[in-house]
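Each remark here refers to the structure printed beneath this line.
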Amino acid sequence: MSETKRLQDKVAVVTGAAAGIGKAIAGVFAREGAHVYLTDVDGGAAEEAAEALVSAGHQVTAMTVDVCKGQDVTALFRNIESEPGRIDVLVNNAGLNVREDFRHLSDADWVKIREVNLDGVVRVARDGFNLLKASGKGSLVNVASIMGHRGLRQLAGYSATKGAVSALTRALAVEYAPFGIRVNALAPGFIETALTERVLRNPMINKALIDQTPLKRFGSGEDVAAAALFFASDESGFITGAELAVDGGMSAGL
Ligand code: NAI
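Residue numbers (my numbering): 275 to 528.
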């Protein structure tokens with residue numbers, strides 16, 4: 275008896291999917307039967323990640339997409355418009371951080387953080403609307419952060435963009451609902467990826483963060499991907515405007 279896959283024949287797009295959380299999300303979606311558009315500003319890394327999934331028999335298309343560039347995002351959606359003509363799941367995952375004391379944060383660094391983490395999310399969520407609507411059951415998933423709700427030194431700029439993504443998620447849930455599109459957010463805590471590598475390598479910070487995490491470990495890309503799969507699938511069909519913390523209990527308290 276063949277097992278039913280949770281995203282069988284769905285069309286999914288993941289931004290920033292060449293590494294870390296996005297790569298894990300793309301992998302889980304592909305294994306669950308979706309045709310995944312694996313997009314990243316690093317086209318070579320996107321190709322590599324896609325090749326591994328294609329050789330395992332999955333349907334994956336790699337594309338170079340810098341979410342800061344309107345023409346890249348337009349090209350991505352144009353490509354999908356002609357065939358398959360719809361997007362069932364769109365994951366706004368691309369993001370970055372520049373650690374700096376807020377009083378020293380340069381205009382250039384602030385713009386860099388904001389352009390990817392907020393402007394990119396806005397662009398993809400706005401320009402992807404028609405294709406999500408064409409699905410009839412579209413699911414937009416924004417990767418926010420528990421740092422959108424909590425403060426940590428040197429992360430103020432990053433926190434500001436992530437808090438905005440949480441607010442945008444709720445507002446879009448209301449605005450997109452009449453078109454059959456659900457909009458939800460994931461709020462990861464500390465996940466072991468390139469983004470957190472340097473900070474987690476610091477023994478003092480590492481211990482302090484583990485002490486503040488009830489489950490006493492950092493998360494993996496797969497932990498976040500499992501939650502993304504829930505928002506992507508019809509199992510969350512009555513859920514929109516929600517934010518799910520994937521943080522080992524960090525935001526719940528000590
Ligand atoms: P990562 O650095 O491992 O991977 C990010 C990916 O995004 C890379 O492949 C990178 O090339 C791509 N990317 C960067 N700028 C881009 C752009 N302009 N256009 C398209 N792609 C671009 O980071 P990680 O940890 O996997 O982060 C993924 C998302 O999860 C981000 O939005 C991040 O803010 C969020 N997040 C991560 C947490 C963590 O602890 N790692 C915690 C909370 C949220």
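The C-beta atom is built at its ideal place from N, Cα and C for all residues, glycine as well. Since the structure is predicted, the reported quantities are computational estimates derived from the model, not experimental observations.
Beta-carbon gap between Ala468 and Ser440 smaller than 8 Å: Along the sequence shown, read from residue 1 onward, the residue named residue 468 stands at position 194. Along the sequence shown, read from residue 1 onward, the residue named residue 440 stands at position 166. No, they are not a contact pair.
Separation of Phe492 from Ala349, as counted between CA atoms: The residue given as residue 349 occupies position 75 in the sequence shown. The residue given as residue 492 occupies position 218 in the sequence shown. Rounded to whole angstroms, Ala349 to Phe492 spans 36 Å at the Cα level.
The beta strand (DSSP E) enclosing Met337, as first and last residue numbers: Position 63 of the sequence shown holds residue 337. Counting along the chain, the beta strand (DSSP E) containing Met337 begins and ends at 334–338.
Distance cut-off 7 Å: Val339 Cβ against heavy atoms of ligand 1: Working through the sequence shown from its first residue, we reach residue 339 at position 65. True, at least one ligand heavy atom lies under 7 Å from that Cβ.
One or two residues paired with Ser221 in a DSSP bridge: This structure gives no information on residue 221, because the portion of the chain shown stretches from 275 to 528.
Three or more C-beta pairs below 8 Å linking the region 423–442 and the region 380–400: yes
Any non-hydrogen atom of ligand 1 within 7 Å of Thr348 CB: In the sequence shown, the residue the question calls residue 348 occupies position 74. Answer for Thr348: no, Cβ out of range of ligand 1.
Identity of the residue in Asn367, Asp383, Asn366 nearest Glu374 by Cα: Here the question's residue 374 lines up with position 100 in the sequence shown. Out of Asn367, Asp383, Asn366, Asp383 has the C-alpha closest to the C-alpha of Glu374.
Residue burial classification, Gly431 (beta-carbon count within 10 angstroms, cutoff 16): Within the sequence shown, numbered from 1, the residue matching residue 431 stands at position 157. Classification of Gly431: buried, given that the 10 Å Cβ count is 16 or more.
Pro462, DSSP secondary structure in three states: Stepping through the sequence shown from its first residue, residue 462 is reached at position 188. Looking at Pro462 - three-state DSSP - the assignment turns out to be strand.
Backbone secondary structure at Glu306 - three-state DSSP: By 1-based counting over the sequence shown, the position of residue 306 is 32. Coil.
Nearest residue (CA-CA) to Glu355, options Ala330, Ala506, Asp401: As a first step, residue 355 must be located in the sequence shown, where it is residue number 81. For the residues Ala330, Ala506, Asp401, the minimum Cα distance to Glu355 belongs to Asp401.
Three-state secondary structure assigned by DSSP to Thr467: Here residue 467 refers to the residue found at position 193 of the sequence shown. It is coil, neither helix nor strand.
Sufficient close CB pairs (3 or more, under 8 Å) joining the region 454–461 to the region 513–528: yes
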